[in-house]
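Enquirer: Residue 107 in numbering that gives the first Met the number 0 sits at position 108 of the sequence shown, and the numbers go up by one each step.
This is the structure I want to talk about, given as structure tokens.
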Amino acid sequence: MRLFQKIITILGTLLVIIGIVIVVVAVSCGGHLLEQEEDNKNFTTVSMEDLESTNKISSIRVDGESDKVQFEYGDEFKVVADKVDKDKFKVANENGTLVVEDKTRNGHKFLGMDITFFNFHFNNKAAKIVITIPKDFVSDTTEIHLNAGEVSGESLQTNHLILKLNAGSIDLDQLVVKEDGKITVNGGSIDMDDFNGNNMDIALNAGSVEVSGKFSGNNRVECNAGSAELNVNGSYDDYYFKYDVSAGNVEIDGESYHKDGKINSDKKDGFDLDCSVGSIDVDFDH
0 MRLFQKIITI LGTLLVIIGI VIVVVAVSCG GHLLEQEEDN KNFTTVSMED
50 LESTNKISSI RVDGESDKVQ FEYGDEFKVV ADKVDKDKFK VANENGTLVV
100 EDKTRNGHKF LGMDITFFNF HFNNKAAKIV ITIPKDFVSD TTEIHLNAGE
150 VSGESLQTNH LILKLNAGSI DLDQLVVKED GKITVNGGSI DMDDFNGNNM
200 DIALNAGSVE VSGKFSGNNR VECNAGSAEL NVNGSYDDYY FKYDVSAGNV
250 EIDGESYHKD GKINSDKKDG FDLDCSVGSI DVDFDH
């Protein structure tokens, strides 16, 4: 046992020495232990006049790497971005879709290398993007893909919604989804208050989803890990429920279910709840 401990100690010491040698050699050759990425993050303003196409915008698509994205209302479409790399930042009107795409990874490099771990990028300066849309604008399709970061806003209206979150948070109040929506959460959290949605499909692989508001049509919640909490404006008796529970837990109006079943099958609006691992909780305000 003592011999094994000595071997482990020797190996650990050797690894530390090797690490120190690498750092010393790198620094002596002009390298840096922490190399800050080139500061070419220019303040960028794009207004409707700057877009290549003059076609009327009917949809919105946002694709962010590690950003803070904020939606605001104003007189016209405008995008203001701070701390982004112009070569990796794109704003365009593509066949009526306002496209805002940012592949900037702000932060530091270790010995000249980017450090990324499970979609988390070690950064010290997140890009901030403010998207201004006209008042009373109803988007045909609103699509948001966020690798990490934050999205916030209120009173957005859309016919079709597509949200995909790998890490970070999405906080949208008074969101209206008129026809259908798809939400995929691989990590992080989504929080929506005063929600009004129809035919929602929520897939939760990790993290959490909390939605409070009105639901209509056929809604589906799939929980493979994490937790989903729906606070529904309405009565338990107004909705149907179909639930399929494996190792997780489904709670409907305070009652827990741990197997397959159906409730209120004659109702038009309702929820299809599929819980493999984690929890799904559906409550009602009356």
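Idealized CB from N, CA, C, for every residue including glycine.
Express the C-alpha separation of HIS159 and ILE143 in angstroms, rounding to a whole number.
Expert: Taking the straight line joining both Cα atoms gives about 11 angstroms.
Enquirer: Taking a contact to mean a Cβ-Cβ separation below 8 angstroms, would you say ILE161 touches ILE189 in this structure?
Expert: Taking 8 angstroms as the Cβ cut-off, ILE161 and ILE189 do not qualify as a contacting pair.
Enquirer: Can you tell me the Cα-Cα spacing of SER151 and ILE130, whole angstroms?
Expert: C-alpha separation (whole angstroms): 10 angstroms.
Enquirer: Could you give the C-beta distance for GLY212 and ASP268, rounded to a whole number, given that I count them as a contact under 8 angstroms?
Expert: Wrong, their Cβ atoms sit about 13 angstroms apart, outside the cutoff.
Enquirer: If GLY206 sits next to VAL184, beta carbons under 8 angstroms apart, how far is it from one beta carbon to the other, in whole angstroms?
Expert: Yes, they are in contact, since the Cβ atoms of GLY206 and VAL184 sit about 5 angstroms apart, within 8 angstroms.
Enquirer: Please state whether DSSP places ASP271 in a helix, a strand or coil.
Expert: If DSSP states are grouped into helix, strand and coil, ASP271 belongs with the strands.
Enquirer: Rounded to the nearest angstrom, what separates TYR239 and LYS181 at their Cα positions?
Expert: Between TYR239 and LYS181, the C-alpha separation is close to 20 angstroms.
Enquirer: How is ASN265 classed by DSSP in three states: helix, strand or coil?
Expert: The question names Asn, but residue 265 is Asp in the sequence shown. Three-state DSSP puts ASP265 in coil, outside helix and strand.
Enquirer: What three-state label does DSSP hand ASP236 in the structure shown?
Expert: ASP236 falls in the helix class under three-state DSSP.
Enquirer: THR140: which of ASN165, TYR256, VAL175 sits nearest, CA to CA?
Expert: Considering only alpha carbons, the answer is VAL175.
Enquirer: Could you tell me whether the Cβ atoms of LEU302 and GLU153 are closer together than 8 angstroms?
Expert: Residue 302 is absent from the model: the chain starts at 0 and stops at 285.
Enquirer: How close, in whole Å, do the beta carbons of LYS67 and LYS127 come, if the pair is a contact with beta carbons under 8 angstroms?
Expert: At roughly 5 angstroms, the Cβ-Cβ gap stays under 8 angstroms, so LYS67 and LYS127 are in contact.
Enquirer: Taking its Cβ as the centre, do 16 or more other Cβ atoms sit within 10 Å of ILE56, making it buried, or is it exposed?
Expert: It is buried - the Cβ of ILE56 has at least 16 other Cβ atoms within 10 Å.
Enquirer: Would you identify the three-state DSSP class for LYS89, choosing helix, strand or coil?
Expert: Residue state, collapsed to three classes: strand.
Enquirer: Since LYS258 and VAL244 should fall inside the 8 angstroms C-beta cutoff, what is the C-beta to C-beta distance between them, to a whole number of angstroms?
Expert: Sure, about 6 angstroms apart at Cβ, within 8 angstroms.
Enquirer: With DSSP as the reference, label ILE201 as helix, strand or coil.
Expert: Strand at ILE201.
Enquirer: Ignore the nearest five residues each way along the sequence and tell me which others in GLU100's own chain have a CB closer than 6 angstroms to its CB.
Expert: Hits under 6 angstroms: ASP62, LYS89.
Enquirer: With a threshold of 16 other CB atoms inside 10 Å of the CB of HIS285, please say whether the residue is buried or exposed.
Expert: Its Cβ having fewer than 16 others within 10 Å, HIS285 is exposed.
Enquirer: Helix, strand or coil for ILE143, going by three-state DSSP, please let me know.
Expert: Reduced to three states, the DSSP call for ILE143 is strand.
Enquirer: Compute the Euclidean distance between the alpha carbons of ASP252 and TYR242, then round it to the nearest angstrom.
Expert: Between ASP252 and TYR242, the C-alpha separation is close to 13 angstroms.
Enquirer: Give me whichever residues DSSP pairs with ASP62 in a beta bridge.
Expert: Beta-bridge pairing links ASP62 to GLU100, HIS144.
Enquirer: Could you tell me which whole beta strand (DSSP E) segments of length 3 or greater appear in the segment 125-179?
Expert: The segment 125-179 contains these whole beta strand (DSSP E) runs: 126-133, 137-153, 156-164, 168-172.
Enquirer: Can you tell me whether DSSP reads ILE56 as helix, strand or coil?
Expert: ILE56: coil per DSSP, three-state reduction.
Enquirer: At the level of alpha carbons, what is the spacing between GLN173 and GLY187?
Expert: Looking at the two C-alpha atoms, the distance is approximately 20 angstroms.
Enquirer: In the DSSP assignment, what residue or residues form a beta bridge with LYS181?
Expert: Paired residue(s): ILE161, ASP200.
Enquirer: Tell me the rounded alpha-carbon separation between ASN248 and LEU97.
Expert: The straight-line gap from Cα to Cα measures roughly 40 angstroms.
Enquirer: Should VAL220 and ILE279 be called a contact, given that it needs their Cβ atoms to be closer than 8 angstroms?
Expert: Going by C-beta atoms, VAL220 is nearer than 8 angstroms to ILE279.
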